[in-house]
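For the sequence shown, the working numbering puts the final residue at 295, and the numbers step up evenly by one. A short worksheet on the structure shown next.
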Amino acid sequence: MILDKEQGQQDELVERIGLECPYCGVYAHMSPQSVPNPASLLRDRPARVGLVYQCDSCNAPVFLRFAVKSYTDNRVELYRNFVELERPKERFAFSYLPKHTEVLFREALACYSGNHFNAFASMCRRAAMSAYDELGEGGKLRAFEEAMVAQDIAGIDDKTFAPIKRVLFDSGEEEDLPLLNGVQAGILLEVLKDIFYQCFVRRGKLTRALKVRRFFVEERTGTLQSTA
Ligand SMILES: [Zn+2]
């Protein structure tokens with residue numbers, strides 16, 4: 068990507084990019100909205116520059132940082148890859164979780180979105196412990212069985228799954244947690260979401276749906292009786 072001092076409208080030179088928007092969550096085109104002035108870049112020669120794009124789907128501003136590849140007489144060349152300063156938030160049907168678990172799991176997901184994978188693992192441990200307490204007698208065992216099913220369905224091998232299991236089910240102290248990289252954190256995220264889904268969300272949704280069905284049946288029966 069090139070910024071050129073001689074060219075007037077820089078945002079017409081900068082290409083649009085496709086990205087998952089941190090605001091609306093849509094994978095959308097982003098159009099350049101605010102592009103730094105090449106003359107001042109050529110004067111100060113920063114190693115990294117920031118550009119603001121606008122999401123084509125929701126018009127929100129999206130901040131990206133690019134590393135500079137080279138400075139020449141009139142031109143600034145940027146590397147094509149960039150750092151997203153705001154990452155899309157991880158979503159979950161939080162309202163079905165017990166309050167305590169919800170607070171901890173929200174913070175876990177915030178750590179994940181910020182690429183703090185070990186803070187994420189620690190918060191997953193706390194969220195999981197709180198969930199086992201809420202599930203009561205046998206709760207941890209039930210969650211463990213759900214995790215085993217998830218491993219099987221997703222075809223995750225034992226070696227990859229071992230650190231995930233340690234985070235969620237070991238009874239050791241928090242300082243004994245294994246260090247996770249981004250890939251392992253991603254697996255932990257999906258497995259814990261699945262456990263919470265099976266243990267809380269599924270039951271909550273089903274109970275709510277049945278309540279609604281019963282309500283309409285009773286309404287209808289009530290109407291029939293009153294017209295009879
Ligand atoms: Zn958007």
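C-beta: ideal position from N, C-alpha, C; glycine also.
{"Check": "Alpha-carbon to alpha-carbon, residue 115 and residue 247", "Outcome": "28 Å"}
{"Check": "Under 8 Å between C-beta atoms of residue 129 and residue 89", "Outcome": "yes"}
{"Check": "Element boundaries [alpha helix (DSSP H), containing residue 105]", "Outcome": "105-111"}
{"Check": "Residue 124 CB to nearest heavy atom of ligand 1 below 7 Å", "Outcome": "yes"}
{"Check": "CA-to-CA distance, residue 72 to residue 104, given in whole angstroms", "Outcome": "8 Å"}
{"Check": "Ligand 1 heavy atom lying under 7 Å from the CB of residue 268", "Outcome": "no"}
{"Check": "Three-state class that DSSP yields for residue 268 in the structure shown", "Outcome": "helix"}
{"Check": "Burial state of residue 195, where buried means 16 or more other Cβ atoms lie within 10 Å", "Outcome": "buried"}
{"Check": "Residue 113 burial status per 10 Å Cβ neighbour count (16 or more: buried)", "Outcome": "exposed"}
{"Check": "Three-state secondary structure assigned by DSSP to residue 97", "Outcome": "strand"}
{"Check": "Distance, residue 173 Cα to residue 214 Cα", "Outcome": "20 Å"}
{"Check": "Cβ neighbours of residue 207 in the same chain (closer than 6 Å, five flanking residues each side left out)", "Outcome": "199"}
{"Check": "Any non-hydrogen atom of ligand 1 within 7 Å of residue 93 CB", "Outcome": "yes"}
{"Check": "Pairwise C-alpha distance: residue 241 and residue 108", "Outcome": "47 Å"}
{"Check": "contact_flag[the segment 250-261, the segment 230-240] where n(CB pairs < 8 Å) is 3 or more", "Outcome": "yes"}
{"Check": "Reference residue 185; option with closest CA among 96, 85, 251", "Outcome": "251"}
{"Check": "Cross-strand partners of residue 138 (DSSP beta bridge)", "Outcome": "143"}
{"Check": "Where residue 165 falls: helix, strand or coil (DSSP)", "Outcome": "coil"}
{"Check": "Buried/exposed call for residue 282, threshold 16 Cβ in 10 Å", "Outcome": "exposed"}
{"Check": "Residue environment, residue 168, which counts as buried when at least 16 other CB atoms sit within 10 Å", "Outcome": "buried"}
{"Check": "Sheet register partners of residue 122 (DSSP bridge)", "Outcome": "97"}
{"Check": "CB of residue 97 within 8 Å of CB of residue 122, strictly", "Outcome": "yes"}
{"Check": "Any non-hydrogen atom of ligand 1 within 7 Å of residue 127 CB", "Outcome": "yes"}
{"Check": "Same chain, Cβ closer than 7 Å to residue 147, neighbours up to 5 away in sequence not counted", "Outcome": "68"}
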